[in-house]
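Notes to accompany the following structure.
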Amino acid sequence: MKLDPTFRPLPISFLFLFLFREKTENKKERLICLGDKARPRMAAFALNFAQIHAVSRPKFVVQCCSPSQVPQINGGVVKPIPIVVSGDPPTFVSAPQRRIVAVGDLHGDLSQTRSALKMAGLLSSDGFQWTGRDTILVQVGDILDRGEHEIAILSLLKSLDVQAKSQGGAVFQVNGNHETMNIEGDFRYVDPGAFDECADFVEYLEQYNGNWDDAFLNWIFVSEVWREERASIGDNKWSPWNIVKRQKGVVARSALFSPGGVLACELSRHPVVLKVNDWIFCHGGLLPHHVKYGVERMNKEVSDWMRGSKRETDGPKMPFIALRGYDSVVWSRLYSREPNPLQHQPWKISSIAEKTLGEFKAKGMVVGHTPQTNGANSSKYDSRVWCIDVGMSSGVLNSSPEVLEIVDNKARVLKRHRDSFDELAVVDYL
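Put into structure tokens, the structure is as follows:
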């Protein structure tokens, strides 16, 4: 059954949910899961928030194709080339003959997110339907903070992933430093509207009686209605004197994002380093000592920490090599900042990049994390490392969206036009 592209669901649209399930069942799709040990529990607390459990599902390897990949030969059908995902969370993706699109930091800006995806030909005009066929989309982290539609963006990407898999494509995310900061409880960069969204989302979850998958997938369709209803009753004023509202938003966010919370567990499904075909995707940058430590090991340790899995008597540990320090995967700016001759000569950084790519058997690397004043580029290191954070969020630079397209191992930037910024304009965001 095919959804009408003009269809817009009501705030609680059981018809849409029925069609959506029927489509996924007909396609026999299977989703990534956390396993029995990873069932998050949201603590019930004084504000009458319900206890929500994420649904446990079996681990999977994706195998999907689009009709265009099934050539007819002498009346017969050739077996399609599958997408194969390995690692938990996903670490290696084999996606032969696919177009790859990479998107940089989104920072809670749903409008700019949609603009970027539409520009890449991945999203319908109404902002809900996947139009990318068998394209692979990779978002390189920092969906959280500085914007007010964080959960809506997460829900949109999840919805698009389900739709993409039915057409032979897929959507992947890698976690950035702002995802890990929120799970650690660092809310310094949270937009006031994002606290409101968390409070709304917790209240909304009560309607689903613990059915996490349906609740999370449908949030993108109803989040704006919740926001408008809150505004209509005059509950959109955020001030230091509104103690009850501040407490409600902070408590809700803590419950959702603390290790073991439902959104922390959702983020735990994504790696900090992902290799798709011959390309590495990470937020800050992959370095030789990360490869030596083991990328799968690093991804699993971060995922376990996010889920609240206890390895020691005093609880889960935050993985230092991936998440802490200037040379960690999510914090490194070695490739994305202008080289400082007093610290690193450009040729030294190039040699580090070459060594990393060689040890990981990759042809290129894509990173975000540092806004590029001249747009997405690879000018520093011979087109081997691409920096694609352009500060598109209204909470950063509000610049025109740009995305990276990779076809047959050749990369190019897709953009409408480029804004001009002085280097000083981004210093507060580094």
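Here the sequence shown stands for residues 274 to 703, where the numbers follow the numbering used here.
Glycine included, every Cβ here is placed at the ideal spot set by N, Cα and C.
Task: Alpha-carbon spacing of G360 relative to R570, whole angstroms - done: 10 Å
Open item on the list: Tell me which residue opens and which closes the alpha helix (DSSP H) that F474 is part of.
Closed with: P465 to L478
- [ ] Look at the Cβ atom of R380, then the Cβ atom of G414, and state whether they are nearer than 8 Å.
- [x] What sits at residue 380 in the sequence shown is His, not Arg. It is not a contact, given that the beta carbons lie outside the stated cut-off.
Open item on the list: Residues in the same chain with beta-carbon distance under 7 Å from W499, minus the five sequence neighbours each way, listed in chain order, please.
Closed with: D473 and Y477
- [ ] Spatial neighbours of D382 within its chain, please: CB distance less than 6 Å, with the 5 preceding and 5 following residues excluded, ordered by chain position.
- [x] Once the five neighbours on either side are set aside, the close Cβ partners of D382 are G420, S666 and S667.
Task: Endpoints, the beta strand (DSSP E) within which A375 is located - done: I373 to V376
- [ ] State the beta-bridge partners of A684 as determined by DSSP.
- [x] Answer by DSSP bridge pairing, in chain order: I679.
Open item on the list: Rounded to the nearest angstrom, what separates V411 and A635 at their Cα positions?
Closed with: 16 Å
TODO: Note down, one range per segment and in chain order, each alpha helix (DSSP H) of at least 4 residues found wholly within the stretch 370–415.
DONE: 383–392
TODO: Can you give me the Cβ contacts of G637 inside the same chain, cut-off strictly under 6 Å, excluding the 5 residues immediately before and after it?
DONE: The residues are W552 and R657.
Task: Residue closest to A443, alpha-carbon to alpha-carbon, out of D407, H451 and D464 - done: D407
TODO: Indicate, with yes or no, if the ligand FMN has a heavy atom lying under 7 Å from the CB of V444.
DONE: Judged by which ligands are present, the structure shown has none, so any question about the ligand FMN falls away.
Open item on the list: Would you say S439 lies against chain D (beta-carbon separation less than 8 Å)?
Closed with: Checking the listed chains, one finds no chain D in this structure; it contains a single protein chain.
Open item on the list: On the DSSP letters alone, give me the boundaries of the beta strand (DSSP E) that G631 sits inside.
Closed with: Premise fails: G631 lies in the alpha helix (DSSP H), P619 to E632, not in any beta strand (DSSP E).
TODO: Pick out whichever of Y462, V545 and V680 has its Cα sitting closest to the Cα of G641.
DONE: V545
Open item on the list: Nearest by alpha-carbon distance to E611: which of S623, V602, V676 and V603 is it?
Closed with: Closest option to E611, Cα to Cα, is S623.
Open item on the list: Between the alpha carbons of K518 and H543, how many angstroms are there, rounded?
Closed with: Computed Cα separation, rounded: 31 Å.
- [ ] Tell whether a beta-carbon distance below 8 Å holds between R606 and G648.
- [x] no
Task: Close beta carbons around L433, own chain, < 6 Å, minus the five adjacent residues each side - done: For L433, where only same-chain residues beyond five positions count, the Cβ hits under 6 Å are W403 and V444.
Task: the stretch 523–532 / the stretch 449–461 touching (three or more Cβ pairs under 8 Å) - done: yes
Open item on the list: Rounded to the nearest angstrom, what separates G441 and I356 at their Cα positions?
Closed with: 8 Å
Open item on the list: Out of N482, C555, V475 and N484, which one is the CA nearest neighbour of V639?
Closed with: C555
Task: Cut-off 8 Å between Cβ atoms - residues of its own chain near Y566, not counting five sequence neighbours on either side - done: I594
- [ ] Return helix, strand or coil for G527, following the three-state DSSP convention.
- [x] Residue identity differs from the one stated: residue 527 is Ser in this sequence, not Gly. The answer is helix: DSSP assigns S527 an H, G or I state.
Task: Cβ-based burial, R685 [other Cβ within 10 Å; buried from 16] - done: exposed
Task: C-alpha gap between V366 and I354, whole angstroms - done: C-alpha separation (whole angstroms): 13 Å.
Task: Three-state class that DSSP yields for Q446 in the structure shown - done: It is a strand residue.
Open item on the list: C538 and R597 - do their beta-carbons sit closer together than 8 Å?
Closed with: no
Task: Bridge partners - F460, DSSP secondary structure assignment - done: Beta-bridge pairing links F460 to no other residue.
TODO: Measure the alpha-carbon distance for T386 versus L670 and round it to whole angstroms.
DONE: 14 Å
- [ ] Please list, in chain order, all residues of the same chain as V564 whose beta carbon is under 7 Å from its beta carbon, the five residues on each side excluded.
- [x] T629, E632 and F633
Open item on the list: According to DSSP, simplified to helix, strand and coil, what is S359?
Closed with: Three-state result, S359: strand.
Task: Own chain, CB closer than 6 Å to G466, minus 5 neighbours either side, in chain order - done: E421
Task: Beta-carbon gap between I416 and I409 smaller than 8 Å - done: no
Task: Inter-residue spacing [alpha-carbon to alpha-carbon] between L547 and N682 - done: 16 Å
Task: Distance between V495 and F293 (C-alpha atoms, nearest Å) - done: Because F293 carries a pLDDT of 35, less than 50, the predicted location of this residue cannot be relied on, and the following value inherits that uncertainty. Using only the alpha carbons, I get a separation of about 15 Å.
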